[in-house]
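These notes concern the structure reproduced below.
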Amino acid sequence: MSDSASDSSAVHSNQMTGADALVRMLQANNVTHMFGLCGDTTLPFYDSLSRLDHGITHILTRDERHAGYMADGYARVTGKPGVCEGPSGGGATYILPGVVEANESSIPILAITTDVATTSRGKYPLTELDQEALFRPLTKWNASLDEASRLPAMVRKAFRSMTTGTPGAAHLALPFNTQKATLNPDEVWADERHGSFPAEPRMAPDPAAISAAAEALIGAKRAVAVCGGGPVISGAEAELRALAGLFNMPISTTVSGQGSVAETDPLAVGVVGSNGASPATKSVVDEADLVLFIGCRAGSVTTERWRSPKPGTPIIHIDSDPEVIGANYATEVAINADAKLALAALVKDLLQRSDLPDFDGAARAATAWTNKLAAFEPLANSSETPIRPERVIATLQHLLPQDAIIVADPGTPCPYFSAHYRWPTAGRNFITNRAHGALGYALAASMGAHVGRPEAKTVAVMGDGSFGFCCGEFETIVRHNMPITSIVFSNATYGWIKAGQDSGFGKRYYNVDFNRTDHAAVASAFGVRSWTVREPSELAAALTEALAHDGPTLVDVISQPLHEAAAPVSEWVA
206 MSDSASDSSA VHSNQMTGAD ALVRMLQANN VTHMFGLCGD TTLPFYDSLS
256 RLDHGITHIL TRDERHAGYM ADGYARVTGK PGVCEGPSGG GATYILPGVV
306 EANESSIPIL AITTDVATTS RGKYPLTELD QEALFRPLTK WNASLDEASR
356 LPAMVRKAFR SMTTGTPGAA HLALPFNTQK ATLNPDEVWA DERHGSFPAE
406 PRMAPDPAAI SAAAEALIGA KRAVAVCGGG PVISGAEAEL RALAGLFNMP
456 ISTTVSGQGS VAETDPLAVG VVGSNGASPA TKSVVDEADL VLFIGCRAGS
506 VTTERWRSPK PGTPIIHIDS DPEVIGANYA TEVAINADAK LALAALVKDL
556 LQRSDLPDFD GAARAATAWT NKLAAFEPLA NSSETPIRPE RVIATLQHLL
606 PQDAIIVADP GTPCPYFSAH YRWPTAGRNF ITNRAHGALG YALAASMGAH
656 VGRPEAKTVA VMGDGSFGFC CGEFETIVRH NMPITSIVFS NATYGWIKAG
706 QDSGFGKRYY NVDFNRTDHA AVASAFGVRS WTVREPSELA AALTEALAHD
756 GPTLVDVISQ PLHEAAAPVS EWVA
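Residue numbers (the working numbering): 206 to 779.
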């Protein structure tokens, strides 16, 4: 008998180790994929993953930050909590960016960080860190599993917290000795409702608030809906469209809210706010006599620093988080509820009424798109070099299937795709990290999205600044032969910051430029099939070949920097 077999047989038949129990709890919560990186404190957990039959695919990443981003992308396309893990010390600190981005974006991910033994605390063991204190301000729920007997209940609480109410991230610290301690396996069970989000039962709206909202809408003449990420997270696309159809009401979205409605829908205005909007879409909000915020925080970008809609505009606000409602605008009607239930209740109320007003939404949306396209199309057809980002967007719009997933980093990709790529279907097809906007997100999140929805073509779009943050994960992509196409806007600068220095600081460019990298050569060294494109006339052929390839690909586009471009950003930080 092997040593490992002897160790496992030492556990009594009516007991299991904490590490085994954690694996079984993840299995019971319908976890099928996990992203993470090994470490000393993780050895018992990895041994359990190795020994047990659990059906969980573990994807080894090259650092913990990207494990968090992968879990985020996975959760967004599957509607299931994403799971990431890492060891103590540096592993716990590296995984933080993924946790905070998901939490602030209302995306449930569970970060499991193993830890030194509780008996070693205070004795200066290597990698000691107060993990519970570290994660407390960055998660919806967080705990250290110091007693094996409490592990099943705490894991249940983590999944319940992540998926109910406003979804968010959870963290579990798992000390080394808890992993090896034993507990009663009868406690290992899960509530199946918490294996997806939003979990049932959802938060229902107050009937009085629904009635008040209906009255306010009936009294308006030029109302508009502004949708944040809430309708997509809630799966409220059909209810939103039904409500808008009753009034011929235009529907606008934030960047995070893209997918609330197909942008080819006659009532769709497109993105509003300082990142990705245009004067034409801004005017739809500014001219409104009532704004319906749905699952939207009405933050600085969405409202152009709280100037659009104009202060004093009557507001109806639907959100599952009561802290959001009324935080930035005086609110006429507050509906603290799940977006899907609130919109369904509004539709039901309004169907019992007559003489509903017509908000002229289709005409207002058509005017907005006509004006946007008039400015976009000459740039999209431009043969200038360096290549204009608009040309890349237009080419992809022509080549990609309707169900493609595009994951965009901040900087050049986010505003251009938000403004100009016209999403043909509702639902989650566009992912970008709008909570904290860290560079290097798109590549890892695209990997999580591919794992969660492998039948869809996934494209990761980044600037060359972002490429430097994440290129190690190309090894992971190649190891798993993920057919993701990466596109790099190569302009040898941190473009967003340089554009801010250009517009607000007298063109005093300081410490924003760097040497150009041969991104195609770097990706090729990892085993990624790659192209470099310098001429607009070569772009379509290269992208066509890259998208058709059955493995990982990269197209390095020598492109115009933001400070020289017609970027769809209404103002830079000045």
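Backbone N, C-alpha and C fix where the C-beta goes; we use that ideal spot for every residue, glycine too.
Counting only runs that start and end inside the stretch 691 to 720, the alpha helix (DSSP H) elements of at least 4 residues fall at 700 to 709. Between the alpha carbons of N533 and V431 lies a gap of roughly 14 Å. In this structure T617 touches L767 by the C-beta definition: roughly 6 Å separates them, less than 8 Å. Between the C-alpha atoms of P757 and R658 there is a straight-line separation of about 16 Å. By the beta-carbon neighbour count (other beta carbons within 10 angstroms, threshold 16), A579 is exposed. Contiguous alpha helix (DSSP H) elements confined to the stretch 273 to 315 occur at 295 to 299, 301 to 309, taking only those with 4 or more residues. Pairing A425 with P519 gives a Cβ-Cβ distance under 9 Å. DSSP, reduced to helix, strand and coil, places R558 outside both helices and strands of the structure shown, so it counts as coil. For V738, the enclosing beta strand (DSSP E) stretches over residues 734 to 738. In the three-state reduction of the DSSP assignment, H724 falls in the helix class, which pools H, G and I.
The stretch 440 to 452 and the stretch 539 to 557 touch, with no fewer than 3 CB-CB distances between them shorter than 8 Å.
The shortest C-alpha to C-alpha distance from I317 to any of A467, A654, A363 is the one to A363. The criterion of a C-beta distance shorter than 9 Å is not satisfied by F564 and R361.
As summarised for the stretch 465 to 523, the continuous beta strand (DSSP E) elements at least 3 residues long and confined to that stretch are 473 to 476, 495 to 499, given in chain order. From the listed residues A624, A226, K703, the smallest Cα separation to D391 is found for A226. Excluding residues up to 5 positions away in sequence, A704, G705, S708, G709 lie with their Cβ nearer than 7 Å to the Cβ of W777 in the same chain. DSSP lists D320 as the bridge partner or partners of P380.
With a threshold of 16 other beta carbon atoms within 10 Å, H641 falls short and is exposed. When Cβ pairs closer than 8 Å are counted between the two stretches, the stretch 413 to 420 is seen not to touch the stretch 464 to 475, the count staying below three.
Inter-segment contact for the stretch 488 to 501 and the stretch 593 to 611 is absent: fewer than three beta-carbon pairs are separated by less than 8 Å. A direct Cα-to-Cα measurement between R569 and F240 gives close to 45 Å. Here K712 is exposed. Its C-beta has fewer than 16 other C-beta atoms within 10 Å. Annotated as proximal: H238 and V656, with beta-carbon spacing under 9 Å. With the rule of 3 Cβ pairs closer than 8 Å, the stretch 629 to 639 does not count as touching the stretch 248 to 266. For the pair of segments examined, the stretch 277 to 288 was found not to touch the stretch 243 to 255: the number of CB pairs separated by less than 8 Å stays below three. Closest option to L555, judged by alpha-carbon separation, among T458, I530, L422: L422. I610 sits in a strand when the DSSP states are folded into three classes.
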